[in-house]
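Trainee: Quick note on the UniProt record's numbering: the sequence shown kicks off at 1 and runs consecutively.
We treat Cβ as the ideally placed atom computed from N, Cα and C, and that holds for glycine.
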Amino acid sequence: MTNTLVLTQRHMTCINIAIEQAMSSPCSHKHGCVILAGGKIIGKGFNNYRTFSHDKLLHDCLTCHAEIAAIRDCLRNHHKVVQG
Numbered sequence: 001m002t003n004t005l006v007l008t009q010r011h012m013t014c015i016n017i018a019i020e021q022a023m024s025s026p027c028s029h030k031h032g033c034v035i036l037a038g039g040k041i042i043g044k045g046f047n048n049y050r051t052f053s054h055d056k057l058l059h060d061c062l063t064c065h066a067e068i069a070a071i072r073d074c075l076r077n078h079h080k081v082v083q084g
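(1) Are the CB atoms of PHE46 and SER25 nearer to each other than 7 Å?
(2) Give a yes or no on whether the C-beta atoms belonging to ALA66 and CYS33 are separated by under 7 Å.
(3) Please identify the residue among ALA69, ALA70, TYR49 whose C-alpha is closest to the C-alpha of THR63.
(4) Can you give the beta carbon distance from ILE17 to CYS74, rounded, assuming they're within the 8 Å contact cut?
(5) Between GLN9, LYS30, ARG10, which has its C-alpha nearest ILE19's C-alpha?
(6) Quick check on DSSP: helix, strand or coil for ASN3?
(7) Are there 16 or more other CB atoms within 10 angstroms of the CB of GLY43, so buried, or fewer, so exposed?
(8) Among all the DSSP beta bridges, which residues are the ones paired with ILE71?
Structure follows, in structure tokens:
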């Protein structure tokens, strides 16, 4: 039994945006992330060295993961979508 993954042009566009985000990272291991809702990108981010955080999304961590950066982007720009 073979599983086949079919990627649409939209999937490839989102993957490329995540790669572009990753290339913005100053870290040696670069990661990017995009978050979609209703087929639209509502958040994007890349891993970075941790800065002081007031949102309590990170504790005792030296870097910020790309996923956390993307969630922060959602909260800044699409608060109502993220909250439901």
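Mentor: By the coordinates alone:
(1) Working through the sequence shown from its first residue, we reach residue 46 at position 46. Working through the sequence shown from its first residue, we reach residue 25 at position 25. Yes, these two residues count as a Cβ contact at 7 Å.
(2) For the purposes of this step, residue 66 is taken as residue 66 along the sequence shown, with counting starting at 1. For the purposes of this step, residue 33 is taken as residue 33 along the sequence shown, with counting starting at 1. For ALA66 and CYS33, yes; Cβs fall inside 7 Å.
(3) Position 63 of the sequence shown, counted from the first residue, corresponds to residue 63. Ranked by Cα distance from THR63, the options ALA69, ALA70, TYR49 are led by TYR49.
(4) Here residue 17 is taken as the residue at index 17 of the sequence shown, counted from 1. Here residue 74 is taken as the residue at index 74 of the sequence shown, counted from 1. Between CYS74 and ILE17 the Cβ distance is about 14 Å, and since that is not below 8 Å, they are no contact.
(5) For the purposes of this step, residue 19 is taken as the residue at position 19 of the sequence shown. That would be LYS30, whose Cα lies nearest to the Cα of ILE19.
(6) Residue mapping note: residue 3 aligns to position 3 of the sequence shown, counting from 1. The DSSP-derived three-state label of ASN3 is coil.
(7) If you number the sequence shown from 1, residue 43 lands on position 43. Buried: at least 16 other Cβ atoms inside 10 Å.
(8) Locating residue 71 in the sequence shown gives position 71, where the first residue counts as 1. Within the DSSP bridge table, the entry for ILE71 names no partner.
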